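Everything below concerns the one structure shown next.
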(Lines of atoms letter the chains of each structure in order from A and count residues from 1; the text may use other names and numbers.)
(Lines give C-alpha, C1' and ligand atoms only; values in the text may rest on other atoms or scores of the structure.)
Protein backbone atom coordinates (compact mmCIF):
# COMPACT_ATOMS: atom_id res chain seq x y z
CA UNK A 1 0.00 0.00 0.00
CA UNK A 2 2.73 2.47 0.94
CA UNK A 3 4.68 1.57 -2.19
CA UNK A 4 1.62 2.22 -4.34
CA UNK A 5 1.12 5.59 -2.66
CA UNK A 6 4.76 6.51 -3.28
CA UNK A 7 4.50 5.48 -6.92
CA UNK A 8 1.30 7.49 -7.38
CA UNK A 9 2.85 10.55 -5.76
CA UNK A 10 5.96 10.17 -7.91
CA UNK A 11 3.80 10.04 -11.03
CA UNK A 12 1.88 13.13 -9.95
CA UNK A 13 5.12 15.00 -9.31
CA UNK A 14 6.49 13.90 -12.67
CA UNK A 15 3.33 15.11 -14.45
CA UNK A 16 3.41 18.43 -12.59
CA UNK A 17 7.11 18.88 -13.39
CA UNK A 18 6.49 18.19 -17.07
CA UNK A 19 3.60 20.67 -17.02
CA UNK A 20 5.78 23.36 -15.41
CA UNK A 21 8.62 22.61 -17.83
CA UNK A 22 6.35 23.01 -20.87
CA UNK A 23 4.80 26.20 -19.47
CA UNK A 24 8.27 27.67 -18.90
CA UNK A 25 9.22 26.75 -22.46
CA UNK A 26 6.02 28.33 -23.78
CA UNK A 27 6.72 31.45 -21.71
CA UNK A 28 10.23 31.64 -23.17
CA UNK A 29 8.92 31.30 -26.73
CA UNK A 30 6.27 33.93 -26.06
CA UNK A 31 8.93 36.36 -24.84
CA UNK A 32 11.02 35.74 -27.97
CA UNK A 33 8.07 36.13 -30.36
CA UNK A 34 6.38 39.15 -28.78
CA UNK A 35 7.23 42.48 -30.28
CA UNK A 36 7.67 44.40 -27.07
CA UNK A 37 8.20 48.09 -27.66
CA UNK A 38 9.64 48.82 -24.25
CA UNK A 39 13.01 47.28 -23.53
CA UNK A 40 12.17 47.59 -19.81
CA UNK A 41 9.15 45.30 -20.30
CA UNK A 42 11.31 42.82 -22.16
CA UNK A 43 13.93 42.82 -19.40
CA UNK A 44 11.24 42.35 -16.75
CA UNK A 45 9.68 39.39 -18.56
CA UNK A 46 13.07 37.78 -19.20
CA UNK A 47 14.02 38.30 -15.57
CA UNK A 48 10.75 36.77 -14.35
CA UNK A 49 11.26 33.78 -16.62
CA UNK A 50 14.82 33.36 -15.42
CA UNK A 51 13.80 33.47 -11.74
CA UNK A 52 10.98 30.97 -12.28
CA UNK A 53 13.28 28.64 -14.21
CA UNK A 54 15.93 28.78 -11.49
CA UNK A 55 13.39 28.13 -8.74
CA UNK A 56 11.98 25.19 -10.67
CA UNK A 57 15.46 23.69 -11.08
CA UNK A 58 16.15 24.22 -7.37
CA UNK A 59 12.91 22.52 -6.33
CA UNK A 60 13.47 19.55 -8.64
CA UNK A 61 17.07 19.21 -7.43
CA UNK A 62 15.87 19.09 -3.81
CA UNK A 63 13.21 16.57 -4.78
CA UNK A 64 15.80 14.33 -6.44
CA UNK A 65 18.11 14.66 -3.42
CA UNK A 66 15.22 13.64 -1.14
CA UNK A 67 14.56 10.60 -3.34
CA UNK A 68 18.21 9.54 -3.22
CA UNK A 69 18.32 10.08 0.55
CA UNK A 70 15.17 8.00 1.04
CA UNK A 71 16.57 5.24 -1.17
CA UNK A 72 19.85 5.17 0.75
CA UNK A 73 18.12 5.11 4.14
CA UNK A 74 15.85 2.30 2.93
CA UNK A 75 18.85 0.28 1.72
CA UNK A 76 20.60 0.81 5.06
CA UNK A 77 17.49 -0.26 6.99
CA UNK A 78 17.09 -3.43 4.90
CA UNK A 79 20.80 -4.21 5.22
CA UNK A 80 20.61 -3.77 8.99
CA UNK A 81 17.53 -5.99 9.24
CA UNK A 82 19.30 -8.69 7.23
CA UNK A 83 22.36 -8.49 9.46
CA UNK A 84 20.21 -8.80 12.58
CA UNK A 85 18.18 -11.70 11.19
CA UNK A 86 21.34 -13.59 10.16
CA UNK A 87 22.85 -13.23 13.62
CA UNK A 88 19.82 -14.74 15.34
CA UNK A 89 19.31 -18.50 15.37
CA UNK A 90 16.28 -19.53 13.31
CA UNK A 91 14.13 -20.55 16.27
CA UNK A 92 15.34 -17.92 18.72
CA UNK A 93 12.95 -15.83 20.67
CA UNK A 94 13.77 -12.13 20.67
CA UNK A 95 11.99 -11.38 23.96
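Numbering (full-length UniProt numbering), first residue to last: 1 to 95.
Heads up, the beta-carbon is just placed ideally off N, CA and C, and yes, glycines get one too.
All values derive from a computational prediction rather than experimental measurement.
Reference residue i, options the options, closest by Cα
i          : options        : result
residue 17 : 61, 37, 81, 75 : 61
residue 49 : 32, 73, 8, 63  : 32
residue 10 : 84, 85, 64, 81 : 64
Between the CA atoms of residue j and residue i - distance to the nearest angstrom
i          : j          : result
residue 15 : residue 1  : 21 Å
residue 8  : residue 76 : 24 Å
residue 45 : residue 19 : 20 Å
residue 30 : residue 42 : 11 Å
residue 72 : residue 4  : 19 Å
residue 70 : residue 40 : 45 Å
residue 28 : residue 87 : 59 Å
residue 66 : residue 74 : 12 Å
residue 47 : residue 6  : 35 Å
residue 13 : residue 68 : 15 Å
Sequence-distant residues of its chain with Cβ nearer than 8 Å to residue i (five each side left out)
i          : result
residue 52 : 24, 27
Would the segment 13–30 count as touching the segment 54–73 if we require 3 or more Cβ pairs under 8 Å? yes
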